[in-house]
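Okay, structure first, notes after.
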Amino acid sequence: MLETLQGFSGPDSPPVDVIRSCVHCGFCLPACPTYRETMRERSSPRGRIWLIRAVSEGKLDIRDETFQSEMSLCLNCRACEAVCPSGVQYGELVESARAQIQQLNDAPKTHRLAQKVAFDGLFASPTRFRAASQAMRLYQRSGVQKAVRKSGVLGRMGLAEKEAMLPQLSEKFLVPGHEHWPARGARRGTVALLSGCIMS
């Protein structure tokens, strides 16, 4: 018996007109950090749009591991949108696809737990996020990272690819800066620059 492929459903499905607005020119590739890191087509905006389109057209199941992994891997930094000659609203597609995946609620318990810890625990508190970042920096600088990679434990846990994408964290990563830049010319107001996890 053939299993029916499960696609998108409901009002928050990725919009078909946005999917079709991509002409697959490839201008997005050099702008995409996950593509530059992995050099895999499926890890590029163009590749992810193909995956979203395949699910939308019933050619790929939304439960497909590669599909879910690629939607998760995207940073949603939208650097691709700035260089897209067709003006594809890529962020809207990824957000919609992620919402559809989330509605399935069939992720492994460990994945759901990790997601809860990350979103409700780390990202919700700058103090906890800084502490976790410092622990990660210690992991990288102390030699533990090399030992863990050599042991192969990351591969057995399915984390090798994600861990390999971890950037080298600097000493000042997420440390609040107290820089002050005086106005050029007449002072007209005060401006504060808010740093986020990507900008720090």
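Residue numbering for the sequence shown is 1 to 200, as defined by this note's numbering.
C-beta: ideal position from N, C-alpha, C; glycine also.
Quantities reported herein were computed from a predicted structural model and do not represent experimental measurements.
Please report the distance separating the alpha-carbon of residue i from that of residue j.
| i | j | result |
| --- | --- | --- |
| LYS116 | SER86 | 36 Å |
| ILE62 | SER151 | 33 Å |
| PRO15 | LYS109 | 30 Å |
| SER200 | VAL191 | In this prediction, SER200 scores a pLDDT of 48, lower than 50, which makes its location untrustworthy; the coordinate-derived value is nonetheless stated afterwards. Taking the straight line joining both Cα atoms gives about 18 Å. |
| GLY143 | ALA135 | 13 Å |
| LEU2 | ALA118 | For LEU2, the predicted model reports a pLDDT of 44, less than 50, meaning its position is unreliable; a value from the coordinates is still stated below. The alpha-carbon atoms of LEU2 and ALA118 are separated by roughly 38 Å. |
| SER170 | ALA131 | 13 Å |
Are the CB atoms of residue j and residue i within a distance shorter than 8 Å?
| i | j | result |
| --- | --- | --- |
| VAL94 | CYS28 | no |
| LEU75 | PRO33 | yes |
| THR66 | ARG42 | yes |
| ARG98 | TYR90 | no |
| GLY26 | ARG40 | no |
Smallest Cα separation from residue i: which of the options?
| i | options | result |
| --- | --- | --- |
| SER96 | ARG149, VAL55, LEU169 and LEU166 | VAL55 |
| ARG53 | CYS80, MET165, ALA31 and SER21 | SER21 |
| GLU37 | TYR139, LEU166, ARG128 and LEU154 | LEU166 |
| GLU57 | ASP17, ALA183 and GLY26 | ASP17 |
| ALA160 | ALA147, LEU169 and LEU193 | ALA147 |
| GLY7 | SER69, ALA31 and GLN103 | GLN103 |
Does the ligand FAD have a heavy atom nearer than 7 Å to the CB of residue i?
| i | result |
| --- | --- |
| VAL18 | Because no ligand of any kind appears in the structure shown, any question about the ligand FAD cannot be addressed here. |
Skipping 5 residues on each side, what residues in its chain have a beta carbon closer than 7 Å to that of residue i?
| i | result |
| --- | --- |
| LEU73 | THR34 and SER43 |
Within a Cβ cutoff of 6 Å, which residues of the same chain sit near residue i, ignoring the five residues on either side of it in sequence?
| i | result |
| --- | --- |
| ARG156 | none |
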